[in-house]
Amino acid sequence: MDHKNLFLKKAVSLVLSSAMLLGCMAMTGCQSKQADQTAQTQTDAAQGEEHAAADTAVELGRTDIIMGDVGDVKTFDPQQAYDIYSYFMLRHLYNRLVNVEKNGDISCELAESYEILDDTTYHFVLRQGVKFHDGSELKAEDVKFTIERAQGIANTASEASNIKSVTVNSDYDLTIESTKPYPPLLAFLGSERMSIVSKAVVEAAEKDGGVYGENPVGTGPFQYVEWIPNDYWKLARFDDYFAGPAKATSLTCKIYPEDSARLIALETGEIDVALQVSAIDADYVSDNEDITILKDVSAQIMWIGFNMNKEILKNEKVRQAISHAVDRQEYIDVVLNGAGEAANTYVGKTIPSWDESIEQYSYDPELAKNLLAEAGYPDGLSLNVYVKGEANNRNAQILQAQLKKIGIDLEIVLCEGGALLDGIYADEDDLYIMGWVNNSGDDDFSYTPLFLSSGIGSMNFSNINDPKLDEMIEAAGSDMDPTSRREKYQEIQQYLTDMAPWIPLYYSETIIGVRSDLQGFVFDTTLGNYAGDCYYVK
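Quick note on the numbering used here: the sequence shown kicks off at 153 and runs consecutively.
In structure tokens:
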């Protein structure tokens, strides 16, 4: 089996290999869908054999791939991960029980098959012979340990709490039971945060108060080499990978906080892939034959968040005033060079429950001043905004100028490394600017982590604690009827709009730059980017 068949693959101009669906299907209620998938699997298998034959005729050149990104990973512990930089790395270092494909379908990864027995019971059979990077074999106990560990970690607890029990039936057989009907369960198990860890390795690392992640061990196509925080991380190919060795022999990701430095590194060939390219830079290199720009509508939403723990910002009229002071189009024109659109609601535009009928607060500085006066601040006030990265610093500068017009002095706190979240978790921020990508294929992951009160201290960055909102999210998350479930989520979007804990800012494009002669990079706007099969032809 070729290694690339396990990942989200979508053919783009420089990808030479086709994706092949794994032999995994839900056994209950999927007969007609199963027939369609089987036909597609046969087609993809034939294409895979054709490309495999073609690959044997290619003499590989350089396979030590170097990439550049704007930010560093936060952790090598998947259950502790919360950021796009870590998610990209985790996809190469670990595997999940199942995989969420780009179209939202579920295929198998470490599971050989799965069966949905009823609304709350899932049966899994694991692949045999899967090795961790330390040479030990993956067993059902490792899966059980990972899930139960996730229930005790803030980053994953809100979703993992919906799992009632994990029963190990044998070394390669287990049953998972949810506390209630929970449609997002498979998507949750397919998220990078639920990558399977070794029970023995983690327990040894965490013994006597230690921390797992300094020497991470996964089952993925690449194994850990080293990490110099805020400088680079490096992985090496794992030749005993159960699906066969990857094409790339090593992956190194260097950190370039400044867009210009990252672009120069790509132009000079210092890096092979720039994992983030600004819209302005993309236009700048459009005539450079040595660089190929990949871009598509992003699943990301960018927003300005309010810290609802701050007394000033608990006042709804203050939040509404600031919302009316924001002209979204200016951010799109200046920061995105016009390559985006104003966000009208609280979820990404690619999310199934996205409601185009939702309307955000209009740009009206005079109304904003009046609301600020009604809130008790006729002479204005002073706030800060926490941001990270060059693009969000520009966003903050625009916000600073816009709020100045209504009498608010805004201090910009530009953070490096993990200081942004450190400041947010310590309640040092008044406002913050952040983005979110739901890469799960399920609506729930645009709501539960960000707005459920149990996520405070984790990904509920605005500290929203609203019992009615909790009830609405939990009701939608357990609704097994797709139509009714979507309607519930759309009601939540309107409820959030009325509450105004955020200012939804814009939907942008995902833009990546690669060297034009690099082969095999997989581009996926839902964060399924994969570099493991990259190579140059000799």
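Cβ coordinates follow ideal geometry from the N, Cα and C atoms, glycine included.
*Who pairs with L212 in a beta bridge, going by DSSP?*
Beta-bridge pairing links L212 to V689.
*Report buried or exposed for I644, applying the criterion of at least 16 other Cβ atoms within 10 angstroms of its Cβ.*
Only buried fits I644, as 16 or more other CB atoms lie within 10 angstroms of its CB.
*Out of Q375, D531 and I453, point me to the one whose CA is closest to A494's CA.*
When C-alpha distances from A494 are compared across Q375, D531 and I453, the shortest belongs to I453.
_Of the listed residues P368, G304 and R248, nearest to D286 (C-alpha basis)_ = Nearest C-alpha to D286 among P368, G304 and R248: P368.
_Option in K254, D685 and F613 with minimal Cα separation from K462_ = Checking every option, the nearest Cα to that of K462 belongs to F613.
*Given that a residue counts as buried once 16 or more other Cβ atoms are within 10 Å of its Cβ, and exposed if not, what is A356?*
Its Cβ having fewer than 16 others within 10 Å, A356 is exposed.
*With DSSP as the reference, label S238 as helix, strand or coil.*
The answer is helix: DSSP assigns S238 an H, G or I state.
*What three-state label does DSSP hand Q232 in the structure shown?*
DSSP places Q232 in helix when its eight states are reduced to three.
_Does the segment 478-495 come into contact with the segment 630-648, if we say contact requires no fewer than three beta-carbon pairs (one atom in each stretch) closer than 8 angstroms?_
Because the criterion of three Cβ pairs below 8 angstroms is not met, the segment 478-495 and the segment 630-648 do not touch.
*Considering M586, what are the terminal residues of the beta strand (DSSP E) in which it resides?*
Here the beta strand (DSSP E) through M586 covers L583 to V589.
*Considering only residues of the segment 321-349, which uninterrupted alpha helix (DSSP H) runs meet the minimum length of 4 residues and lie entirely inside it, listed in chain order?*
Correct list: 337-341.
*Could you say if the segment 315-323 and the segment 227-239 meet the contact criterion of at least three C-beta pairs nearer than 8 angstroms?*
Under the 8 angstroms Cβ criterion, the segment 315-323 does not count as touching the segment 227-239, having fewer than three qualifying pairs.
*Tell me, to the nearest whole angstrom, how far the beta carbon of K283 is from that of E289; I am working on the premise that it is less than 8 angstroms.*
So it is a contact: roughly 6 angstroms between Cβ atoms.
*So what does DSSP say about S317, is it helix, strand or coil?*
The three-state reading of DSSP puts S317 in strand, counting E and B together.
*Does the beta-carbon distance from E661 to G492 come in below 8 angstroms?*
Yes, Cβ-Cβ distance for E661 and G492 is below 8 angstroms.
*asked:* Using only the alpha-carbon positions, how far apart do V164 and V674 sit?
replied: Bear in mind that a pLDDT of 31 at V164, under 50, signals an unreliable position, so the model cannot answer this.
*Buried or exposed by the 16-neighbour rule on C-beta atoms within 10 Å, applied to V689*: By the C-beta density criterion, V689 is exposed, having fewer than 16 other C-beta atoms within 10 angstroms.
*asked:* For P117 and T273, I'd like the C-alpha separation in whole angstroms.
replied: Because the chain spans 153 through 690 in this model, residue 117 falls outside it and cannot be assessed.
*What's the gap between the Cα of E261 and the Cα of T308?*
C-alpha separation (whole angstroms): 20 angstroms.
_I'd like the span of the beta strand (DSSP E) that includes H275, first residue to last._
H275 -> beta strand (DSSP E) spans T273 to L278.
_Counted within 10 angstroms of its Cβ, other Cβ atoms place S450 as buried (16 or more) or exposed_ = Answer is buried; the Cβ neighbour count reaches 16.
*Considering K447, what are the terminal residues of the beta strand (DSSP E) in which it resides?*
K447 -> beta strand (DSSP E) spans I443 to V449.
_Rounding to the nearest angstrom, what Cα-Cα distance links Y266 and V222 in this structure?_
Approximately 38 angstroms between the Cα atoms of the pair.
*State the start and end residues of the unbroken alpha helix (DSSP H) segment that holds E463.*
Looking at the DSSP string, the run of the alpha helix (DSSP H) that includes E463 is E463 to K466.
*Report the three-state DSSP secondary structure of V295 (helix, strand or coil).*
Reduced to three states, the DSSP call for V295 is helix.
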